[in-house]
Every structure is written in structure tokens, then in C-alpha cells.
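Residue numbers (this note's numbering), protein chains in the order written: chain A, 13 to 332; chain B, 13 to 332.
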């Protein structure tokens, strides 16, 4: 009886039971596991000591969704509405007036300059502690305009399992995102298990001052660093100080990060998430105004990087 | 017999056996232990969860010596000499000519501007990987001009034990130094057990570019961030994203870091190292051109911060 039970168990326990469970058994999943086993097996030629096992992940469109627009922009829109009573002049002044009318198309037409103005109006002018409180409060109640879910429920379950799998194999996991570093840090530990010091992102300038004798850090309306495109390897160099052996992204904004990772010595793993699932999430690549993936797809093919086909490779998209 | 052995053992094992062994049993050592026990005892009102146990340490004069001048400046001097064959014009051009003549006093007279020029000439114009190699090679052979020791042998043994003690109590330990981040990172893990991603420091600008199609990070001759005075809390906010509960320094350049730490909620520990030992190390404070400690001493007394009296509190200064 006992032997039979054991035998049945052997038949039903998959080879890599318990890991990457929301991934279909495709070549993508196999490639990830083969890479991790290669760099963590001491006898392997590709073995990498734990201290050097740095893995970096883009956030928007890689760890959580980014449609219809980056969630941080939706945060800015909600903040404009909340702050409007203190700013009566916004009723007639664009881009604020467009936001207050709910005219997001007019907003999108304004492009990067408009977005930056909204970010500055909502992300600066307060202390570091005050901004942290604002982000935390917003996440508790805000809902995604299409799905009605909380934003932190729109993380990708297979990617959460990938983070866990890498950490179980003594990787140090970092976020390297074009999004605001101070916008992400209040929640990345609870949502992704990534502590705030492992978050790299864009940032505005900050200044140290005394208010009534109390030292505070005050957020300033000036861009200090854009952690996108060429900025990503620079952000990694300045924050982490070590070239990753594993990098994952989903857009051309991640291309330089993947190139720099790929160019290191020894075995490296570069991973693109291709959004191909219009039913369970969104399908987009070259022509999308957020998360455009064009040059990256070509280079991935040229260099043999792994590309996740969301529709084919993932058994599940969001946590249940 | 067994009981007697046990009894004798109880008599000889000190209360905190095995920790902070190079510290004399003074009020300073007691204060450190009381703080750590308070924040790590779950039943304590002052308990702090591990994720929030951030400890920050200045480097020059706090973890290793800084006399006669910052070791990084001695590195720059050695580099000027090594690079001189490629720069014949330096023989007649100051500050390089002073360096090549060994006239360090003339150098010191030039002040901050001169030092910056030497730093730029020796720290920029190469890739990130090349600079790492230069620092690593220098540390293998360079000797301190007064003691003849290797620089990495001029770390403070009691502080190494303090780093260990904090880590054993689930603190996350960071360096927050006015020194160059890229100068420190190649060796902090081996010397202090502090991984490179836990090092915050001053930095020059870096740019991402392709050389023969290979992506590289190139160090630029422009200051990007000075991690000193007001810069220290800003550096902590940007890199770590969490206010420390423990901060240690030795100069007025650390004062804002200690003030910002002190101003947080709950129990905090601010620690100054006062260099009082002219026999075993150096004795200096208010009037020193490196590591000047003046306002800090006054504020430490006003606020009840702990001040290490090197001569009285340390049984040993350097590792043996």
C-alpha cells in the first residue's frame, strides 16, 4: 500500500513541482529553468556565486499591467481631482482643466510635456513622508478604470512566481523601472516581496531642509533622473553597481538594459514579455503608445533572447 | 566534575560573550547593546521589524582611517604618477606638477578645486569595468604613507565587530560616504561584508554608449552628486528609501545624516566616533582639515547621542 502510494505520487509530481506553476510547459518555461539550474549548479561551467546573481525587472508591463496608460499617470489624474479644491485656477487652465473634465484623450494629445506637468504638480511640493502617505492611501481605494480591480491586483501571477523562483535560488531581485522610484517603494515589498532599497526608478530632485527645526526632505518640481532607455543601465550602475545576469522587460525602453546584461561575460538571460493576449489582458507591441516593443523584438530574435508569448506561455495572467 | 565545569564556565563567559570583543566595557558599549536589544525584542515597546532595521555608516574616519588625507586622494595621487608617462604636459602644469614632485602641501593649499581636478583626471574617461580594475589593482599593492600598512588593513576592528553585531540582529547595513561610490564598491564586500548595492557615495556622471557595437558605461568628468552634509540624507532617501534607525559618523559632514535619523519616530541611535587616540591612531576634531568634528560634538551633547572616545572605549583599533 505504501509503495503503491509512493509510486502514484511519483507519477503525478511534475519534474519541477511547485515552481512556475502558472506557466504552461512550453520552451519559455524550460529556458528559464535551464538557465537558473546552469548558474546555480556548482559543478556547472556557468556557475555564478550568489553575490553576483543580480536579476532586474522592469515594472510597468512586466510585473503589472500598463494599459490604458501607466498606472502612475492615473494616480496623477486622481491627485489632480483631489487637489482641485485648493486650486480653483485649474478649472480653466490646461492640462488641469482637461483632467477635471475627464478628457483623457485631450491629455494624451499633449504628449510628454503635459504628462511631466501633471507629474510635477502631484509628486512635488511635499515632504518625502507626506508623499509616501499619499501613495499608500491612494492604493487602498483606487480602482482600475477598465477592470475595476485594485491596481495591486493587476500584477502578473507568472512573474510573481518567477521572482519567487529566482529568490529561492539566491538571486538578488531588483526593479529597474521608468516609473517614479518614490511612487513604487511604498508597496513593492508587500506586493512583490522586493524591499524598497531594491527599487531603481526615475526621480525628481529632493532637498534637505529644516521646518521648525525638524529636518525634512522636500520633493522638488525638477526631473533629476529618467530611468528609461540608456538611463536603465546607468541606473543599475549607480544603484546596484553590478551588471545583472538576468534582465526582463517588455518594451523598447528596456532594450539598453537587456543589451548591457547580454554583453557581460558568462551565461546571461534576457527576457522580453510580449503582450499577445487580447482576451485575458491586452495585445500590443510596435504601435502602442505605452510599452512600444519594436526594435526589441527584432534584437531578441537576432540574439536568441527568450520572448514570453503571454497567450501561449501563461496558464494564468492575474492572481485569482 | 561536570557540574563544576559548568559552574566555572558560567563564571568566565561574559554576559555578552562573543560580541563587540574589541570594545572596553564602558558606557558606550553598553548603550549600543541596550539599543539593539530594545529594538529586536518583540515584547519591547521599541521593537522594530527586521525590514525597517536600517543602519548607515560613514566610511572615511568611521570604518577606516582618513589621515593624513582621505585614502581616495592618495589613490588619485598614485594614479597621476602612473598616468604621467601618457601626459608629458603634466610635468609643468599644476596641480599635476606638484603631485609629481611629491609636494602634497602645495596640493593641500589648492583646496577643493585642486582635489576635484585630480579626481576628475583619474576617475573619468574610462569604462565602468576599467575603473573597477584600476581600483582593485591599486588596493593589492598600495601602502599607507605613514603606517606602511595596506589601506584595507586600516579598518577599525571595533567597528567591524559592530557591523557584524548589527547584521546578526537582522539589521541591513549600508555605507553612506562622501567618498566615491565606484571607488568603494570593488572592495566593501570583501573588507566589510557590505555588498556593493549597499554602498551610497558621491559620484560623477556616467553615460551609456556603444564601442564597436558593444554597450559600455563611460565615466564622465562631471560631478553628479556629492554625498556629504545635506547630501547624506538625500543619498539615503534616493538609494535606500527608508529612514535609518541607526547612524554612525565621525565629522560634521555626517551631522545632517544623524539629525535626520534622530528625527524619525521611535527609538533611534546616533553615534559619533571621536578620534582621541594620538598613540594608536590620530587625535583630532575641531581644527582638522579632514574629518572636522565641531558642531557635531555640540549637538551630540545637546541631544544625548553616543560619542565613542577611541582612547577609552576601544581595546584595539586596527585588526591584528
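We put the CB at the ideal spot given by N, CA and C, even for glycine.
Chain-ordered neighbours of residue i on chain A, where CB pairs are closer than 7 Å
i: residue 268(B); result: 220, 227
i: residue 275(B); result: 226, 227
Run of the beta strand (DSSP E) containing residue i, from where it starts to where it stops
i: residue 127(B); result: No beta strand (DSSP E) contains residue 127(B), which is instead part of the alpha helix (DSSP H) from 123-135.
i: residue 198(A); result: No beta strand (DSSP E) holds residue 198(A); the alpha helix (DSSP H) holding it covers 193-204.
i: residue 63(B); result: Segment: none, residue 63(B) is in no beta strand (DSSP E) and carries neither H nor E.
i: residue 248(A); result: Unbroken run through residue 248(A) is the alpha helix (DSSP H), 243-251; no beta strand (DSSP E).
i: residue 288(B); result: 281-288
i: residue 302(B); result: Run containing residue 302(B): none; DSSP gives neither H nor E here.
i: residue 333(A); result: Nothing in the structure corresponds to residue 333(A), since chain A is present only between 13 and 332.
i: residue 215(A); result: 211-223
i: residue 321(B); result: 318-321
i: residue 259(B); result: 258-261
Inter-residue CB distance, residue i and residue j (contact presumed, cutoff 8 Å)
i: residue 353(B); j: residue 304(B); result: Since the first residue shown for chain B is 13 and the last is 332, residue 353(B) is missing from the structure and cannot be characterised.
i: residue 125(A); j: residue 112(A); result: Wrong, their Cβ atoms sit about 19 Å apart, outside the cutoff.
i: residue 230(A); j: residue 139(A); result: 6 Å
i: residue 38(A); j: residue 325(A); result: 5 Å
i: residue 188(B); j: residue 269(B); result: 6 Å
i: residue 251(A); j: residue 135(B); result: Contact flag wrong, Cβ pair sits at about 19 Å.
i: residue 67(A); j: residue 256(A); result: 6 Å
i: residue 11(B); j: residue 331(B); result: Since the first residue shown for chain B is 13 and the last is 332, residue 11(B) is missing from the structure and cannot be characterised.
i: residue 87(B); j: residue 150(B); result: 6 Å
i: residue 285(B); j: residue 312(B); result: That pair is no contact at about 11 Å.
i: residue 137(A); j: residue 233(A); result: 7 Å
Pick from the options that is closest to residue i, judged by C-alpha positions
i: residue 213(A); options: 244(A), 258(A), 229(A), 110(A); result: 244(A)
i: residue 163(B); options: 44(B), 226(B), 269(B), 195(B); result: 195(B)
i: residue 152(B); options: 319(B), 249(B), 165(B); result: 165(B)
i: residue 158(A); options: 292(A), 310(A), 328(A), 72(A); result: 292(A)
i: residue 83(B); options: 129(B), 192(B), 171(B), 35(B); result: 192(B)
i: residue 336(A); options: 258(A), 173(A), 232(A), 144(A); result: Residue 336(A) is absent from the structure shown; chain A starts at 13 and stops at 332.
i: residue 254(A); options: 118(A), 62(A), 54(A), 36(A); result: 62(A)
i: residue 290(A); options: 33(A), 131(A), 322(A), 209(A); result: 322(A)
i: residue 107(B); options: 130(B), 233(B), 99(B), 91(B); result: 130(B)
i: residue 45(B); options: 312(B), 177(B), 294(B); result: 177(B)
i: residue 296(B); options: 109(B), 329(B), 78(B); result: 78(B)
i: residue 226(A); options: 226(B), 271(B), 224(B); result: 271(B)
Per-residue contacts from residue i into chain B (C-beta, under 7 Å)
i: residue 63(A); result: 201, 207
i: residue 271(A); result: 227
i: residue 242(A); result: 220
Delimiting residues of the alpha helix (DSSP H) encompassing residue i
i: residue 111(B); result: 108-113
i: residue 274(B); result: 267-274
i: residue 143(B); result: 140-153
i: residue 86(A); result: 83-95
i: residue 329(B); result: Premise fails: residue 329(B) is in no alpha helix (DSSP H) and is neither H nor E.
i: residue 74(A); result: Neither: residue 74(A) is in no alpha helix (DSSP H) and is coded neither H nor E.
Check: residue i C-beta below 7 Å from any heavy atom of the ligand ADP
i: residue 295(B); result: No copy of the ligand ADP appears in this structure; indeed no ligand is present at all.
Per-residue burial, residue i [other beta carbons within 10 Å of its own, 16 or more giving buried]
i: residue 335(B); result: Lying outside 13 to 332, the shown extent of chain B, residue 335(B) is not represented and no answer is given.
i: residue 314(B); result: exposed
i: residue 222(A); result: exposed
i: residue 301(B); result: exposed
i: residue 273(A); result: buried
i: residue 202(A); result: exposed
i: residue 219(A); result: exposed
i: residue 25(B); result: Residue confidence for residue 25(B) is low, a pLDDT of 45 falling below 50, so the modelled location carries little weight; the figure read from the coordinates is stated next. So residue 25(B) counts as exposed.
i: residue 142(B); result: exposed
i: residue 278(B); result: exposed
i: residue 21(B); result: With a pLDDT of 49 at residue 21(B), under the threshold of 50, the modelled position of that residue is not reliable, and no figure is offered here.
i: residue 327(A); result: exposed
i: residue 34(B); result: buried
i: residue 121(A); result: exposed
i: residue 298(A); result: exposed
i: residue 70(A); result: buried
i: residue 97(A); result: exposed
i: residue 117(A); result: exposed
i: residue 235(B); result: exposed
i: residue 99(B); result: exposed
i: residue 74(B); result: buried
i: residue 317(B); result: buried
i: residue 209(B); result: buried
Proximal residues of chain A, C-beta to C-beta of residue i below 9 Å
i: residue 120(B); result: In chain order: nothing, as chain A lies at least about 29 Å away.
Within chain A, the residues that residue i reaches when beta carbons sit closer than 8 Å
i: residue 211(B); result: 253
i: residue 215(B); result: 250
Contacts of residue i in chain B (Cβ-Cβ under 8 Å)
i: residue 140(A); result: 249
i: residue 245(A); result: 220, 227, 229
i: residue 223(A); result: Within chain B, no residue comes near residue 223(A); the closest Cβ sits about 10 Å away, beyond 8 Å.
Closer than 9 Å at the beta carbon, the chain B residues around residue i
i: residue 197(A); result: 253, 254
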